[in-house]
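Engineer: Position one of the sequence shown corresponds to residue 0 (numbering that gives the first Met the number 0), numbered consecutively onward.
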Amino acid sequence: MDALDIEAITTLREIMDDEFDDLIDIYIRDADERVLAIRALYESHDAATLRMTTHSFKGASSNVCALGLAKIAQSIENAAHSGQLDGLDASIELLETTYQEVRHDLLALHS
């Protein structure tokens, strides 16, 4: 569970109670699509849409206490904002790998 802030996700789970599983389901469904879109936008050199997509993904990841993933998304967002997409392949791969860890950890918390 290294991909999640355990203290924060535990608090979130307590606060959300029965709605926690719905939050996780919605996040994963949305994030699965966004991660694929981030890769496609990077490969098509669409910096503007990549910036917006990573910005949304960053916020959603923060909401489920995946702060490391949110930081990776922030770095990609910053690069896209400046139009500097060259050399982002390693960051995109790290985002994809880290998301899979977050996804796994969230599903393990799912009732």
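Glycine included, C-beta positions come from ideal geometry on N, C-alpha and C.
Helix, strand or coil: which one does DSSP assign to Q83?
Structural biologist: Reduced to three states, the DSSP call for Q83 is coil.
Engineer: Would you mind stating whether T78 and L87 have Cβ atoms separated by less than 7 Å?
Structural biologist: The amino acid at residue 78 is misidentified as Thr; the sequence shows Ala. Yes, the Cβ-Cβ distance between A78 and L87 is below 7 Å.
Engineer: Is the beta carbon of I71 less than 7 Å from the beta carbon of L94?
Structural biologist: In contact: I71 and L94 (Cβ atoms closer than 7 Å).
Engineer: Measure the alpha-carbon distance for A2 versus E18 and round it to whole angstroms.
Structural biologist: Going from the Cα of A2 to the Cα of E18 covers about 21 Å.
Engineer: Among E42, A39 and V63, which one has its Cα closest to the Cα of L22?
Structural biologist: With distances taken between Cα atoms, L22 lies closest to V63.
Engineer: Less than 7 Å between the beta carbons of E76 and H44, yes or no?
Structural biologist: No, these two residues do not count as a Cβ contact at 7 Å.
Engineer: According to DSSP, simplified to helix, strand and coil, what is H103?
Structural biologist: H103: helix per DSSP, three-state reduction.
Engineer: Let me know the secondary structure DSSP gives V34 once reduced to three states.
Structural biologist: In this structure, V34 counts as helix in the three-state DSSP scheme.
Engineer: Give every residue of the same chain whose Cβ lies closer than 6 Å to the Cβ of A115, excluding the five residues on either side of it in the sequence, and list them in chain order.
Structural biologist: One cannot answer for residue 115 here, as it falls past the ends of the chain, which runs 0 to 110.
Engineer: What is the DSSP secondary structure of A2, counted as helix, strand or coil?
Structural biologist: Correct three-state label for A2: coil.
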